[in-house]
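Please read the structure below before turning to the comments.
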Amino acid sequence: MSAERLQKRLARAGVASRRAAEELIKAGRVQVNGVVATLGQTVTDADDIRLDGQLLDTGAVQKVTYALYKPRGYVTTASDEYGRKNVLDAMPNIPGLHPIGRLDRDSEGLLLLTTDGDLTLNLTHPRYGHEKAYRAWTHGEEPPTQDELDQLVAGVMLEDGLATAITATPASDGAFITLGEGRKRQVRRMLEAIGHPVGRLMRYRVGGYWLGDMDVGEYGELSERDLQGLLDPQTIPAHVWEGKWELMGRRWG
């Protein structure tokens with residue numbers, strides 16, 4: 197009977213990402229065989245594992261991944277003390293489904309949700325560097341210039357350290373920004389740092405998966421081909437990639 201780390205077992209069961217599972221354990225919300233769990237302990241299939249007293253089925257759940265056009269006003273936290281609308285309210289009731297990363301309440305666009313804890317780790321851990329691309333509309337009489345946006349590629353200092361963009365180009369009333377990391381409200385803070393506060397922010401791509409022609413509040417399940425392109429954009433043919441960019445430009449340019 198094989199043993200594995202508790203946080204990995206929780207993630208594999210679709211309870212949360214590994215990182216979020218670690219926080220659940222640290223908070224004392226997980227019990228193994230009637231004893232409060234400790235971070236790093238190992239478990240087997242024979243162990244009784246509970247979250248907040250509820251027995252968990254920690255067998256492998258069906259792995260499904262969805263894309264959602266998150267509306268503005270929805271939060272991506274597992275629970276919200278203020279009773280605000282949660283992205284899971286917009287999705288089918290699937291055990292273990294959770295958002296991959298965050299998209300802040302005031303932002304909209306592509307949000308991925310999955311029951312696959314390993315996929316969540318892959319897409320959220322900085323070492324993998326999956327790109328996230330945004331369209332920002334900024335306040336002010338003039339949008340940022342290319343010279344100003346070049347500062348974002350060179351790097352701007354924020355309160356939590358140096359932040360850099362992979363690409364940054366002008367758009368009508370704003371800019372297109374691509375990041376290789378995902379700090380809290382990072383695009384907003386970076387544009388604020390160069391004097392162009394954001395009025396509206398929309399994410400249109402994660403890795404090799406694009407928002408495409410989805411409408412606000414619409415969701416759809418990713419196919420195996422979609423997942424391959426998501427994790428390895430190099431597998432997407434150039435003409436397909438160009439078509440996705442043209443569609444995005446027509447909708448949001």
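Position 19 (the sequence shown) corresponds to 215 in the numbering used here; numbering is contiguous. Quick reminder that beta carbons are idealized off the backbone N, C-alpha and C, glycines included.
Under a three-way DSSP split, which group does residue 393 fall into?
coil
Can you list, in chain order, the stretches of the alpha helix (DSSP H) that have 4 or more residues and sit fully within the segment 342–373?
342–350
Let me make sure I understand the geometry here. Which of 400, 421, 285, 292 has the alpha-carbon closest to that of residue 411?
400
By how many angstroms is the C-alpha of residue 230 removed from the C-alpha of residue 308?
34 Å
Inter-residue Cα distance where the pair is residue 211 and residue 298
16 Å
Would the beta-carbon of residue 245 fall within 8 Å of that of residue 226?
yes
Could you tell me which residues DSSP pairs with residue 239 in its beta bridges?
200
Going by the beta-carbon positions, is the gap between residue 375 and residue 384 smaller than 8 Å?
no
Confirm, please, whether the CB-CB distance from residue 238 to residue 202 is below 8 Å.
yes
Given residue 423, which residues of its chain have a CB within under 8 Å of its CB, disregarding the five upstream and five downstream residues?
261, 315
Assign residue 452 to one of two classes, buried (16 or more other C-beta atoms within 10 Å of its C-beta) or exposed (fewer than that).
As shown, the chain starts at 197 and ends at 449. That puts residue 452 outside it, with no answer to give.
Under 8 Å between the Cβ atoms of residue 294 and residue 310?
yes
Whether residue 392 touches residue 449 by CB criterion (8 Å):
no
DSSP has residue 441 in a bridge; who is on the other side?
Looking at the DSSP assignment, residue 441 forms no beta bridge with any residue, so it has no partner.
Spatial neighbours of residue 390 in its chain, beta-carbon cut-off 6 Å, leaving aside the 5 residues before and after
344, 347
Identify whether residue 245 lies in helix, strand or coil by the three-state DSSP scheme.
strand
Is the Cβ-Cβ distance between residue 457 and residue 360 less than 8 Å?
For residue 457 there is no data in the structure shown, the boundaries of the chain being 197 and 449.
Can you tell me whether residue 312 is buried or exposed? The criterion is at least 16 other CB atoms within 10 Å of its CB, across all chains shown.
buried
Straight-line CA distance for residue 324 to residue 425?
15 Å
Could you give the first and the last residue of the continuous beta strand (DSSP E) run that contains residue 269?
Residue 269 -> no beta strand (DSSP E), and no H or E assigned at all.
Given residue 355, which residues of its chain have a CB within under 6 Å of its CB, disregarding the five upstream and five downstream residues?
none
According to DSSP, residues forming a beta bridge with residue 400:
For residue 400, which the question treats as bridged, DSSP gives no partner whatsoever.
Who are the Cβ neighbours of residue 247 in its own chain at under 7 Å, not counting the five residues just before and after it?
211, 220, 225, 226
Bridge partners of residue 295, per DSSP?
309
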